[in-house]
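Reviewing the structure listed below.
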Amino acid sequence: MPSGDTGGVPEGDTVWLAAKRMNTALAGQTLRRGELRVPQLAATDLAGRTVSEVVPRGKHMLTRFTDGWTLRTHYRMDGSWHIYRKGAKWRGGPAFSIRAVLATDQWDCVGYRLHDVAMVRTQHEDSVVGHLGPDVLGPDWDLDEALRRLRAHPDEQIGVAILDQRNLCGPGNLYKVEGLFVCRVHPWMRVADVEDLPGLVERTRALMLANRDRPEQSTTGDLRRGRDHWVYGRKDRPCYRCSTPILRGDQGPDLQERITYWCPTCQATDAPVDPQARTGEPDHPRPLTSAT
């Protein structure tokens, strides 16, 4: 049965697993307590409503009620839902970080640091998630549509494009980094220069599918700490393939940069790379910070 939390920076598989556990705890149950601790919904009382289902959409959680309304919550970088047996101590953080409480006779579902909390008519869910691309872990996954959206911006850096939830939703920084490494794609290549774009998307999806039913996120197949990722979080450590030290760079628009790890040998490219890219290579500006 559901318990604990999903932990870490949320990825699509984190949200998928949390939704599965939330659905087990709440589907078909009537809420005995339902609080939304955000200013615009502070007066909303969900107690007495019956949950029909809880489903993920990328990093969004959709809690649907039988009365035709949906609670949408967004994880962003630091949100999480924690599930506790009735009477257990809540351990997800300070009380002031709680944004939602959904409780039944058996379970307390507590949302910490959630973003974009909203109540919408279920039939109007597209107003809050309709802009998203195909869900990598969704039942309606559409590779062709994801590729169409990616190829609509051929000059975008592939590492930025994979993270853009309007192209395909679900992958976060971990799976972007690991998927690019596994497919030997340089993070700063243009979308148009990626030789096997379908293969990259499907391999990234496969990595997420392999982890969606467990809290551990291993991309190497090894669950041991320190052996679970190829390059993510391994700056200056030797590449498992070629022993070249892993580099770290900052990628993305100003003020929206994401830390990117990569192997300069396994992911080398002859394609043009933005000369201003902070890749960590000797011939490019170094990252602004040095901590791993």
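Residue numbers (my numbering): 503 to 794.
Every residue gets a Cβ at the ideal spot worked out from N, C-alpha and C, and that includes glycine.
Tell me where the beta strand (DSSP E) around L634 begins and ends.
Careful: L634 lies outside any beta strand (DSSP E) and carries neither H nor E.
Residue nearest to R668 in terms of C-alpha spacing, selected from H633, A605, P596:
H633
Inter-residue spacing [alpha-carbon to alpha-carbon] between T572 and V638:
22 Å
What three-state label does DSSP hand A602 in the structure shown?
strand
Can the beta-carbon of R760 be found less than 8 Å from the beta-carbon of L665?
yes
Taking only three categories from DSSP, how would you classify V662?
helix
Terminal residues of the continuous beta strand (DSSP E) containing T575?
571-576
Give a yes or no on whether the C-beta atoms belonging to R465 and C768 are separated by under 8 Å.
This structure leaves residue 465 out entirely; the chain is present only between 503 and 794.
For L652 versus V693, is the C-beta distance shorter than 8 Å?
Against a cut-off of 8 Å, the Cβ pair of V693 and L652 comes out as a contact.
Nearest-angstrom Cα separation, counted from V603 out to K588
12 Å
Leaving aside the five residues before and after G754 along the sequence, list all residues of the same chain whose C-beta is less than 6 Å from its C-beta, in chain order.
V662, R760
Can you name the residues that DSSP bridges to H562?
R559, H576
Kindly identify the DSSP beta-bridge partner or partners of G681.
DSSP lists no partner for G681.
Are the Cβ atoms of M524 and W583 separated by less than 8 Å?
yes
If you drop the 5 nearest sequence neighbours on each side, which residues of the same chain put their C-beta closer than 8 Å to that of L649?
Answer for L649: L699, P700, V703, listed in chain order.
Coarse secondary structure for E513, derived from DSSP in three states
coil
One question on the structure: do L533 and A549 come within less than 8 Å of each other, judged by their Cβ atoms?
yes
Between the C-alpha atoms of D738 and I748, what's the straight-line distance to the nearest angstrom?
Between the alpha carbons of D738 and I748 lies a gap of roughly 5 Å.
Endpoints, beta strand (DSSP E) assigned at D644:
Here D644 belongs to no beta strand (DSSP E), and DSSP marks it neither H nor E.
Leaving out five residues on either side along the sequence, give the residues of the same chain with a beta carbon under 6 Å from the beta carbon of R578.
H617
With burial defined as no fewer than 16 other Cβ atoms inside 10 Å of the residue's Cβ, what is the status of T565: buried or exposed?
buried
Below 7 Å CB to CB, which residues in the same chain sit around K678 once its five sequence neighbours on both sides are set aside?
G661, I664, L665
By Cβ distance below 7 Å, which residues in the same chain neighbour K522 in space, the five residues on each side in sequence not counted?
none
Can you pull the DSSP bridge partners for A620?
R574
Could you check the C-alpha separation between V556 and T568 for me, to the nearest Å?
12 Å
C-beta contact flag for Q625 and L676 at 8 Å:
Going by C-beta atoms, Q625 is not nearer than 8 Å to L676.
Please report the distance separating the alpha-carbon of L645 from that of K561.
Distance between the alpha carbons of L645 and K561: 19 Å.
When burial is assigned at 16 or more other CB atoms within 10 Å of the CB, is E680 buried or exposed?
With 16 or more other Cβ atoms within 10 Å, it is buried.
Taking the C-alpha atoms as reference points, what is the distance between D776 and R539?
44 Å
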